[in-house]
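K.L.:
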Amino acid sequence: MSNSKLARRFVIAVPNIWLILFFMIPFLVVLKISLAEPRIAIPPYSPLWEWVNGEIKFNINFENYAYMWEDTLYINAYLSSIKIAAISTLLTLLIGYPMAHYIARSPEPKRSILLLLVILPFWTSFLLRVYAWIGILKTKGILNAVLLWAGIIDEPLIIMQTDIAVYIGIVYTYLPFLILPLYANLVKLDDTLLEASRDLGASRISSFFRITLPLSMPGIIAGCMLVFIPVLGEYVIPALLGGPDTLMIGKVLWTEYFGNRDWPVASAVAIVMLIIMLIPIMVLRRAQSKGAEI
Amino acid sequence: MAEELSACERRPWVEATETPFVRIKGITKMFGDLAAVDDVSLDIYRGELFCLLGGSGCGKSTLLRMLAGFETPTAGTIEIDGQDMAGVAANLRPTNMMFQSYALFPHMSVEKNVAYGLLREGVPKPEAMQRTADMLSMVKLDGFANRKPHQLSGGQQQRVALARSLIKQPKLLLLDEPLGALDKKLREETQFELIRIQEDLGVTFIVVTHDQEEAMTLSTRIGVMDAGKIVQVGEPREIYETPNSKYVADFIGSVNIFDGEVDVAAPDLMRVNTAEGAIVCEPMAGLTAKQKLHIAVRPERMQLSRTPIEAANTMRGMVMEVAYMGNLSVYRVQLPGGQCLKVTAANGLHDENPITWDEEVHIGWSAAASTVLVK
Amino acid sequence: MKLRFTPIMAFLGFVFLYGPIFSLVIYSFNKSKLVTVWGGWSTKWYGELFANEQIMDAAWLSLKIGVTSASVATVFGTMMAMVLVRFKKVRGRGLMGGMITGPLVMPDVIIGLSLLLLFVSMQSLIGWPAGRGLTTILIAHITFNMAFVTVVVQSRLSDMDDSIEEAALDLGASPTRVFFDITLPMITPALISGWLLAFTLSLDDLVISSFVSGPGATTLPMVIFSKVRLGVSPDINALASLIVLVVSVGIVISAILMRKKPK
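Chains as they are written, first to last, in the numbering used here: chain D, 15 to 308; chain X, 608 to 982; chain H, 34 to 296.
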């Protein structure tokens, strides 16, 4: 009996200690370093407290945050990240909703196959799938070659290294994340509701807007948040497909750390990013618990 | 020898001649602010087939799960065969349980399912396999040993679950809605099978069910539960004939209930005034005039006729509905005071002119058929 | 017209999803190095891929990290899922649930940065981990992977009928025994998909690995990233095609296995 109690404690302790050590504490470290001063040393920041003649001396400074406020680069990067995330979420929804709807309304063997086709790209490398777009979008790439050959355009389009390429990359990568929760919601929609609506004289389109769309709202919100949240912090897509003007906070943080080696500012950038993300994360959790009720 | 008599022959609960096998004392189980089981005390004797009967959410399953050790009581004690069960984990209790969902291990064959308990007990494999084979033939499943549960029908799965719960020869077998998932015909057959096995093995059964017919057929005694409390304990006949409350009368079988107040409560006459007129009952002690109470009359205890009836109680009414059930018919009769009565009458072989809709009829019943319910 | 709208959109959606992948596969067989010029069929890029030691070493390292981190994460994630679903009396389960969803929604840059800063602080405090490399990448991958495994196993456990485990307990098996005899065999499919998910995520991770790795520990995504930043490189096309091939074969095999299973 005490054996099984011991086993029980072990099972509780191991994963939780691991998570506290490697997930919770790191955030405190980030918070701590965001309040330190950068300096040229190893590690490249000042300690938060020091023992001076037997007394503890705190060096808390908010200069990193003040600096972020003064330099418009950071504010612009946050705003631009939110803008890019919002626009690409909307685009993903516009493409993903008809797909999810079509899959959910398909008869059974076809439905499973289509669903598998949505999930399948996820199992291949994300990095390589983003990379594939370079070959397609660049000035001498496949898309321009096809369009020139077809006579639709006379001069190659400049898409690579613009925000458009970033949007395409994001929509492409995150489409399955939106389709899956939306599909899970739409497939539960009772067919008889639509039949009842049609029976009561509503047209197909008005049935969609009055029945299907409102009922799929939790799925829409969950799907959109699953795109919006990670895109906010996205680094790889803007780095590979975007140009020097593409401003995203993930890229700024990366440069701050790898380029400028300014750890305190990188930490402050991360803390502010976390705070901004709390809102959509809370929206997501609410949508998920609501979705579970239905 | 007393041991050889079955519990329903010994009837140890009538005069406490034996020590109870299971003693439940003041058991309460709180889920948050809600008392799922509320201060229940109950004695169950060796060899009994005791039914806990009640609607869904009355706490009967929670009580059973506390006996099995899956839930810890908030207050009170449970003793099984003289041993206090507090702090005894489910895997160390002398009880076994048959689950409502059967809970067969889906990845194990029928044989492995049944042998599981023996092997955990440390019984050597050859012996365990022999006993498993014997048990499977007792529940008529020889030849199914190597099937997986999903390859069996509902009735077969039910018998595997029964075999698995009996293989360790538990002192006490707990059955949670054992027949609930079977269709009506199979359920009736299995009921008798269950009684046969219980009597052959002499195991004490506690059965949870919401089906009052099942409880009537199976049990030595029934405990009726409502809102976490035991409202009445008694033999099936006792519960049916003399329910102690409106709830029990209503729950067990169908019944006509009149609300009224005592008019006369003398040793030789007992009369109650209701909206449909006075009703005469058997004299009963402890009642005072003007006391509010209910009168319950079973539909089959009422007579129905086109002509006036000689009886202690008579009423007139109009037939609103007739439901033909084969061996009998159920009539709904509207009384002048507004109440609707349910009356059953046996169907004669050549009844050329049966009573039908919109007929004026006479209803009558004896004083003994009117059960007085104070609660 | 109304009728045709969703099928057409769905069709275009699937073309959008698969077009880029097909373009990678086709151009991996292109003799010419230029995307727009078709120089005829050739498998020379596959030869170059296998001759490229940097890529091969990185691939080997990534496989090692993937297998190890997925396996450890599967064990930890299963423990966590058991605590969250089955240990009903444990206090603070809500907090644990919140903690486990953290790595799922946190951006990679933040997880990477925070773990890196932790490792640096730990090194200056207790001297471990000495430098960064394989160990630190493994720790990072286990951390985010266990969250994904937990979610997968958790949903399987909560779908499972509790009374099956109770029945085993009732028949005299100890809780530990119940786990190995009943729970584990029943959640095996979830463990396999959890492991595969973790393995894939580990093989795919660029950002977190870049933060926490040190000199000498270069994973496959890091090599790919540094190569493709400079433009299209045909041996990467060959690599992508191989990955697509492996994944497709895997999916087909699992689909056949699923078919065979009676249910």
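Beta carbons: idealized from backbone N, C-alpha and C, even for Gly.
Computed from a predicted model, the values in this text were never measured in an experiment.
Nearest chain H C-beta to D/G273 closer than 9 Å, yes or no?
P.N.:
no
K.L.:
In the structure shown, what three-state DSSP assignment does X/M832 receive?
P.N.:
strand
K.L.:
Between D/E122, D/N199, D/L62, D/Y81, which has its C-alpha nearest D/A282's C-alpha?
P.N.:
Answer by Cα proximity: D/Y81.
K.L.:
Quick check on the burial criterion: 16 or more other C-beta atoms within 10 angstroms. Buried or exposed for X/P874?
P.N.:
exposed
K.L.:
How many angstroms separate the CA atom of X/M987 from the CA atom of D/A118?
P.N.:
Since the first and last residues shown for chain X are 608 and 982, residue 987 of chain X lies out of range.
K.L.:
What's the C-alpha gap between H/N178 and H/D238?
P.N.:
11 Å
K.L.:
For X/C571, which of helix, strand or coil comes out of DSSP?
P.N.:
This structure cannot speak to residue 571 of chain X, because chain X is shown only from 608 to 982.
K.L.:
What first and last residue would you give for the alpha helix (DSSP H) that runs through X/T739?
P.N.:
732-745
K.L.:
To the nearest angstrom, report how far apart H/A200 and X/L725 are at their CA atoms.
P.N.:
13 Å
K.L.:
So D/A146 contacts chain H; which residues on that side make the cut at Cβ distance below 8 Å?
P.N.:
P53, I54, S56, L57, A273
K.L.:
Quick check: the segment 279-297 of chain D against the segment 129-143 of chain H, are at least 3 beta-carbon pairs closer than 8 Å?
P.N.:
yes
K.L.:
Against chain X, does H/L202 count as a neighbour if the rule is that its beta carbon must be under 9 Å from one of theirs?
P.N.:
yes
K.L.:
By the criterion of Cβ-Cβ separation under 7 Å, what are the contact partners of D/S18 in chain H?
P.N.:
S207, P208, T209
K.L.:
Cα separation between X/G860 and X/V810?
P.N.:
29 Å
K.L.:
Quick one: Cα of H/L230 to Cα of D/G247, how far?
P.N.:
22 Å
K.L.:
Taking the alpha-carbon of D/K46 as reference, which of D/A280, D/A301, D/R299 has the nearest alpha-carbon?
P.N.:
D/A280
K.L.:
Nearest CA to the CA of D/G149: which residue from H/S281, H/N270, H/I88, H/A84?
P.N.:
H/N270
K.L.:
In the DSSP output, which residue or residues are listed as bridge partners for X/Q987?
P.N.:
Since the first residue shown for chain X is 608 and the last is 982, residue 987 of chain X is missing from the structure and cannot be characterised.
K.L.:
Which complete alpha helix (DSSP H) runs does the segment 35-64 of chain D hold, if anything under 4 residues is left out?
P.N.:
39-48
K.L.:
Which parts of the segment 241-270 of chain D are runs of the alpha helix (DSSP H), unbroken and 4 residues or longer, counting only runs that do not cross its ends?
P.N.:
250-255, 263-268
K.L.:
Per DSSP, X/K755 is paired with what?
P.N.:
Note: X/K755 sits in no beta bridge, so no partner.
K.L.:
Please list, in chain order, the chain D residues whose beta carbon lies closer than 8 Å to that of H/M179.
P.N.:
The contacting residues are P29, W32, L33.
K.L.:
Would X/T827 and X/Q798 be called neighbours here (beta carbons separated by less than 9 Å)?
P.N.:
no
K.L.:
Which chain D residues sit within Cβ distance under 7 Å of H/L40?
P.N.:
Per the sequence shown, the amino acid found at residue 40 of chain H is Pro instead of Leu. By Cβ distance, chain D contributes Y116.
K.L.:
Can at least three beta-carbon pairs, one atom from the segment 682-699 of chain X and one from the segment 168-177 of chain H, be found at a separation below 8 Å?
P.N.:
no
K.L.:
By DSSP's criteria, X/K778 is part of a beta bridge. Which residues make up the other side?
P.N.:
In DSSP, X/K778 forms no bridge with anything.
K.L.:
With DSSP as the reference, label X/C665 as helix, strand or coil.
P.N.:
The three-state reading of DSSP puts X/C665 in coil, since its state is none of H, G, I, E or B.
K.L.:
Hey, is the segment 191-199 of chain H in contact with the segment 695-714 of chain X, meaning 3+ C-beta pairs nearer than 8 Å?
P.N.:
yes
K.L.:
Buried or exposed for X/L641, please, with buried defined as at least 16 other CB atoms from any protein chain shown within 10 angstroms of its CB.
P.N.:
exposed
K.L.:
Checking 9 Å against the spacing of the C-beta atoms, do H/V280 and H/G227 come in under that value?
P.N.:
Cβ atoms of H/V280 and H/G227: not closer than 9 Å.
K.L.:
Quick one: is X/F706 near chain H, going by C-beta distance under 9 Å?
P.N.:
yes
K.L.:
Could you run through the segment 85-99 of chain H and flag, in chain order, every residue whose CB is less than 9 Å away from some CB of chain D?
P.N.:
none
K.L.:
With respect to the alpha helix (DSSP H) encompassing H/E86, which residues constitute its N-terminal and C-terminal limits?
P.N.:
86-118
K.L.:
Let's see if you can read the secondary structure: which residues bound the beta strand (DSSP E) around X/V879?
P.N.:
877-881
K.L.:
Candidates H/P248, H/A273, H/A43: which alpha carbon is nearest D/P112's?
P.N.:
H/A43
K.L.:
Cβ atoms of X/A975 and X/E889: under 9 Å apart, would you say?
P.N.:
yes
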